[in-house]
Every structure is written in structure tokens, then in C-alpha cells.
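Numbering (our numbering), first residue to last: 3 to 849.
Positions of the beta carbon are idealized from the N, C-alpha and C atoms, including for glycine.
As the structure is a prediction and not an experimental result, all values here were calculated from the model.
So the structure is just underneath, and the comments pick up after that.
Structure below.
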């Protein structure tokens, strides 16, 4: 097969963006007669390149095993270890294996020998079905996609089976499937390679001038190949050659390759083409604004290049300066913005926020294209959406000259690598930029039936702007309108370009309030009625425009951006005088080793009420008002016990905190060993640093005088002395009410602080059990000295003292700092002299 050194968007199946869609008609068992059999792995269960099987099992048409005698493995590519050679795959032994370090180049050929013929002569064997035995370890090496071919002479091959996405047994040294696989009458082709026939386009998305785009296809067993362009024509494709595919002008279009054979077909994952009318611009400044990063709140790049026209890489245009007034590094710092134009791809610009940077050019400079290069590490910081603006008057006014909006560009994950060259498009063809769309200055609003809400919007570079269901098409693209809300309503803004098919959408939602009847229940935030969100907090499933990953039904208090102060509260105060119980699932995700700073359940009576946003970890009681906070703290500052702590803070005073690393048997956290002396060494974090995220179930029970916090079923703070109605420091108002909800902050680091569900009730609240009760005692007066054994109900993680008194007045220590041995603890003490005595067990703070 033809091989090319350019970036392959799809390399067989395993390197594809996604598994192809496979369509197969009715298949029946067809025994196959052959003298040679070839097994070619196409994909494995896990990542990497290692593939292994212990044994390839062949059965005749009656289901009887075909012996391995009188056969041999005559050909196999790859470079297997000496003890794990291909011959092990067909030797009748299932305790050894064939291991290939590069499965995409591996194949196994079995020759069936004639035992009565001369040396090397073959015999015909009829194979009705087959299976394989998994290796002894590493389930990720199991084949899940492969081809089987037959031959009479070892030179001419005929495919007899193609398998995609098989799920083998996870057991080791076991048959991959309980029933051997029979050969079908029809099977799909194999897509080996699909790419843009241009080495500059190194991703499954290309931005090109209007016209046609060339694709290279390399397939196996396909009889029909065709490209289908979204909104365009179907174009026949040529195998092992270049096919030119036309695309609509000034549009974003998906193109799908379909391969067929005898009624079976596959569809390759779609690729995207953005066509533009290339133009040049005269500028003396260009402003680059990152809109979205791959998974982080910070950003970095190593180089940024400009060219005087598209396709003219020989004529770069170098800025004279780079301004980064609102970034986190000075332009001339070690990772400052000037590194973007130093011509050295090994240096980089880094900023902890998404503030724009401005490139300065000599007066009257012409530019027509640009590109940038990734930095040395952390691909989560790569921009995948951005806006480019130009100015010819020194930054007094700005024109929208390009964007990567409406699409997320697959910026190379390879480090220190340039993107393609992006041509500047003509006016009126670019994706509009919705910079602002809110309802009552948020993404969601709670509005009483018949009430009025305010929609505000700002849209750049749009020909038309429409908001449905009302007010409809609006003439002013920077304006507001009042709408009357009678039912739960989603308002969707659509901004369209003058030509082509590019448009942008955003949505906000109006909820009707859920009256408090003793319980709040938001099992998945499908209905956020009654919740007021502040700052950039949002209910992500309230509309279809999800700005960050991971995205699902959730109340997002903070996202992956630095310097946030956000909150969400039930819209009216709740009577808490008799206590409350609340439970919720908190999920914390971050792009680095740890996030910051906190996610807080807050009871408050601040002057801002339901619109309170934090200006610290908890409200300042002297300037904002009283509060009680249960803080999930994800960054270690001075005074914190660890990198993941839970604190109870009342009116700004720390009452109690716990280091969650003490509960690793119950709470699943990420552990980082580090090196001795390193800030993060030997640390536990409440999230998955690679972005998967972990949800933690918390419950907070409050009865006047005692607050208990449970996390993942473990009691982490037990009966903390808290009284929200205490005289002189009351958190509750004169009616016993306060606002309840959540706050969160980020600083120089960021995190997704998400609440996946929330239940809150003030019904059925009962005083907490004491948790300490003497359940037994025995004397041994025959011992010298006499002894007393005490047994009591205890709590894991708590400590106790045994004290004695002869008068029930003054108590003296007998045994101190006894750590609980579980739900019941016993100790034996020596009896002091004297005619009588009293003994007491006390729960005490940890030593």
C-alpha cells in the first residue's frame, strides 16, 4: 500500500478521530477453503502500539479444532521479542504469546503443509470459524479490529472477514469470545488512510480559499468510494489517489467519505472545510483574543507569524512590538508576549488569563494570513477558538478581520508545532461574534409569572440578528429589550453572516420560581427554577451553548478561567431556625495538578441577599453581613492542613477544618508523590488532573448547636458546635431565615466547580445522636491491682479520655487520647485506692 509521511487524519482505524460507522447486510456462515491464512490487526482495545494474542484458534466446518501440526507461520512483519515471536500464535500452546510492538505494521501468515507431499508443499484446509486466546496481561493490547484473508499460493489474497469494534473478554489467557466467529457473506471495506493532500493541513479541519480541496484515500477491499459534502454534491473518490472535492464558497462544510463493498459499507469520521475569500488588510495593530482553550483557563504559544498574503510564506511580516497590558506576565518577562516574535520556537508566551494581546506594526503594513505555534507543554492551554481584530489608527477603533468561532480548531497536540496558515476572509463572510447575551444580566433568570425580564445583547460582524420567540429580528446589534415571561422560556439569539452559511447562536433561559414548601430538589438541574446565578456562574443544561468541557447537566459555579467570584442562591430566604439537611454532588476538574480556590455551601444574610458574590472565602461580617460556610478548599494556603480540606467558618471565624487525606479509604482522591521539598509533594487532590473529573457526594446536617458533614459516606466533621441563631452572632434574621446556595472563587489557578445535583430540606430535622454511650463495664477484683474494663459506642477517627473523681466534682485524667477502634472501643484501667470512685469517658479533640 502507498504510504505518505504527511500527517494522516485517519491511519487504519485506530488513529481515526472516531470509529467509522459500519453498515452490513444479513451475514451467513460461509466455510472458506485455503492453503494460506493471513491475520492483520487493525486496532487494539487500549492506546499505544503493542498488540498481543496467545493463540489463534481455527475450527473446521463442523466446529472441530484444526490441529496446529503440519502448519507453520511462514511470514510475519514486526519486531517481536525473542520469546514472544509470531510462531507462538499457532503452536497449540496458550501459555505463551505473540507480542508485536507496532501492531499497525503487523501481520501473521499461516501455511498449511501437506504431510504426505514433498517439503514445502501445501494442502487445502477448510476453515469454518475462528477465535483467539487473549494474552497473559495488559487488556489494552487485545485486538478489537482486524482482517482475515485467504490464499492458494501465498501471493494472491482474497479477504474473507473484516471486523471493527469487537469487544473481547477481559480475562487473561481465555478465549476472546464464547462462540467462535464464522465467516460472513458480506463484510465492510477497510479505510487505511484519509488526509488532506496538503502537508500544511495537519488536522481534520482545514481553512482554505474558495474552490476545491484535494483528498488522498487509501483503502482495502472497497469497490465504491465517494465523498458527500454537506450542502453540496456527491463526488466519486479514487482509491490510492487524489480526489478533488468542490465546496460551497464562504461556508463551513462537513465532508464524509463512504466506502462500500457487496452491500456492506463504512463511513469515515467527518472532516470539516472552512472556505473563505482571501483578502489583505492594512493595519498598524492586530489584536488576538483567545475565546476558548482546549481545557484550561490559561494560555500559551511559542510563536505567532503574519504574512503579507495567503500562500506567500516567503514574505513574513514581523511585528515591532507586542502589548499584553492585562496579562499575567510583562511583555519582556521570561514568558512574556515578546517571545511570540523572537523567531525561537523553544521559547513561549504564557498568561494566566484570557486577556487579549496586541501586535504592533509599522504604519500601513499589509497582512493577508497568519499562523501560530504550540508551546512546549500542557496542550490544554492551546487556543481552539479565537478572534482577530485589526486597527489602522493605533487602537482607537477596531475591525473584525478573522475568527475561529462556530468551530473548535484542532490545534496540534504536538508540542512546538505550527498550525496551518490561516487566510484572512472578506467582510460579511465571517462567523458573527456574540460577545454578550444575557437575561437579567445572567445566563438564567427566575421570573414570576407575568413578570418582565431584560434581554441584553452585543453582536459583532453580523448581517442579521434574530431572537426567538421574541422580540424577533432586531435592527440594533448592541441593544436590550424587555420580555414578559408567562412560562418557562428559552430565548435563542441567532446571528448570521451576509454571505455563506456561517452563523452563531446563544441562548438564555427564564424559569418560573419553585415556591419553597420545605424542600428544594434539583436532581439534574433540568429545571433551575428559583436559582439566581451571579457573576459567570451558570446552569449549563439550561441552553444548548455549552462553553466548556466536560459539559452535562450541572450548576457550574466557576469555570476554567482565572480571577472569578461567582455564586448561586435560592431566590428567597428560608426558615432555618429548626435546622436543615442538604446533600449535593460536587465535581471539581482542572487542567493542571490542582485547581483553586474553593467551592462553598453558604448560609448568609448579607446586604446583597440572593445577589451576593464573594469577595473572599466567606463574607466579611462587618461589611457584608453574617454567614456560615462549609468550604471545600482545593489550594493549600498558610494555615490550611492540606491541599484538600473542608472547613466550617462562621462569621469569618474558622471553627473547624479537616484534611481530607485522612479519609483516603473512603474518598477517592488523586495522589501526587512529587519529590522531597517540592511544594506539591505527598499531596492529595480532589480532582482528576487529566480532566476526567470525580464527583463527591456530600451531606450537611444542621440542628441548632451542632453541624455534621459527611463526604462519600464518611463523617469528616462530627457535631461541630454551630448555632446559627446564637445571640450576638446570629446568621439568621429576626424571622429565623437566611439565603442558601453556593459560592466559588478562582485566582491564579482555575477549576470547574460544579454542583451536579442539590437537595435541601427543613422537614423532619431531629437532634443528632450523642454518639457516645457506655455499653458495658466489668471489674476484676482478683487482679493485682484490681482493674476496670470500660466499653463504649465510639466514632472512627475520634479520640477519648477516661477521667475519675471521688466526689463527681473534680475530675482527674486516668487515660488520655484513646483513638477509637471502630464503632465500639474498650480499655482496661487500674483501679485507684480508696473506698469509692467514679469514672467518665469523654470525647476530645484529636491530639
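* To do: Classify residue 200 as helix, strand or coil using the three-state DSSP reduction.
  => Looking at residue 200 - three-state DSSP - the assignment turns out to be coil, as it is neither helix nor strand.
* Is DSSP giving residue 341 helix, strand or coil here? -> It is helical.
* Exposed or buried, which one is residue 315 when buried takes at least 16 other CB atoms within 10 Å? -> exposed
* Unbroken beta strand (DSSP E) run spanning residue 131, endpoints -> 131 to 135
* **Pairwise C-alpha distance: residue 150 and residue 168** => Rounded to the nearest angstrom, the two C-alpha atoms are 14 Å apart.
* Is it buried or exposed for residue 734, if we count other Cβ within 10 angstroms and need 16 for buried? -> Taking all protein chains in view, the Cβ of residue 734 is crowded by 16 or more other Cβ atoms within 10 Å, so the residue is classified as buried.
* Residue burial classification, residue 462 (beta-carbon count within 10 angstroms, cutoff 16) -> buried
* Start-to-end residues for the beta strand (DSSP E) that takes in residue 37 -> Careful: residue 37 lies outside any beta strand (DSSP E) and carries neither H nor E.
* To do: Pair every Cβ in the stretch 526 to 535 with every Cβ in the stretch 261 to 269, then say whether three or more of these pairs are closer than 8 Å.
  => The stretch 526 to 535, when compared against the stretch 261 to 269, does not touch it at the 8 Å Cβ threshold.
* Asked: Residues in its own chain within less than 6 Å of residue 144 by CB, not counting five upstream and five downstream?
  -> 47, 136 and 170
* Asked: Counting pairs of beta carbons, one from the stretch 493 to 512 and one from the stretch 427 to 444, are three or more of them closer than 8 Å?
  -> Under the Cβ criterion (8 Å, minimum of three pairs), the stretch 493 to 512 counts as touching the stretch 427 to 444.
* **Straight-line Cα distance separating residue 406 from residue 309** => 18 Å
* To do: Could you check the C-alpha separation between residue 180 and residue 133 for me, to the nearest Å?
  => 9 Å
* **Spatially closest choice to residue 745 from 540, 514, 107 and 100, by CA coordinates** => 540
* With distances taken from CA atoms, which of 782, 192 and 795 is nearest residue 42? -> 192
* To do: With DSSP collapsed to three states, give me the class of residue 28.
  => For residue 28, the pLDDT reaches just 43, beneath the cut-off of 50, and the residue's location in the model is therefore unreliable, leaving the point undetermined.
* Asked: Looking at residue 308 and the ligand NAP, is the gap between the Cβ and the nearest heavy atom below 7 Å?
  -> Among the ligands in the structure shown, none appear at all, so the ligand NAP cannot be discussed.
* State yes or no: is the C-beta of residue 633 within less than 8 Å of the C-beta of residue 719? => No. Outside cutoff.
* To do: Under the assumption that residue 251 contacts residue 274 (Cβ atoms under 8 Å), give the Cβ distance between them as a whole number of angstroms.
  => Not a contact, Cβ separation roughly 16 Å.
* Minimum C-alpha distance to residue 816 - residue among 295, 830 and 726 -> 830
* CA-CA distance, residue 702 and residue 667? -> If I take the Cα positions, the gap works out to 20 Å.
* Asked: Looking at C-alpha atoms only, which residue of 423, 804, 482 and 575 is the closest neighbour of residue 517?
  -> 575
* Asked: When we look at the beta-carbon of residue 121 and count the other beta-carbons within 10 Å, is it buried (16 or more) or exposed?
  -> exposed
* Own chain residues within Cβ distance below 6 Å of residue 27, not counting five before or after -> Low local confidence applies: a pLDDT of 45 at residue 27 is under 50, so the model's placement there is unreliable, and no value is given.
* To do: Report the partner residues of residue 293 according to the DSSP bridge assignment.
  => Bridge partners of residue 293: none, in fact.
* Asked: Closest by CA to residue 749, which one among 162, 596 and 333?
  -> 596
* Are there 16 or more other CB atoms within 10 angstroms of the CB of residue 157, so buried, or fewer, so exposed? -> exposed
* Asked: My guess is that residue 57 and residue 91 are in contact by the Cβ rule of under 8 Å, so how many angstroms apart are they, rounded?
  -> 6 Å
* Sequence-distant residues of its chain with Cβ nearer than 7 Å to residue 221 (five each side left out) -> 191, 192, 193, 194, 227, 241 and 261
* **Pairwise C-alpha distance: residue 75 and residue 37** => 12 Å
* Report the option in 827, 339, 842 and 93 whose CA atom is closest to the CA atom of residue 110. => 93
* To do: Tell me, please, whether the stretch 783 to 793 touches the stretch 637 to 646 by the rule of three or more beta-carbon pairs shorter than 8 Å.
  => no
* Mind checking who residue 400 pairs with in its DSSP beta bridge? => Under DSSP, residue 400 forms no beta bridge with any residue.
* **Alpha-carbon to alpha-carbon, residue 538 and residue 849** => 42 Å
* Mind reading off the beta-carbon distance from residue 210 to residue 320? Whole number of angstroms is fine, and I expect it under 8 Å. => Incorrect: roughly 25 Å between the Cβ atoms, too far for contact.
* To do: Would you mind reading off the limits of the beta strand (DSSP E) that contains residue 453?
  => 453 to 462 is the extent of the beta strand (DSSP E) around residue 453.
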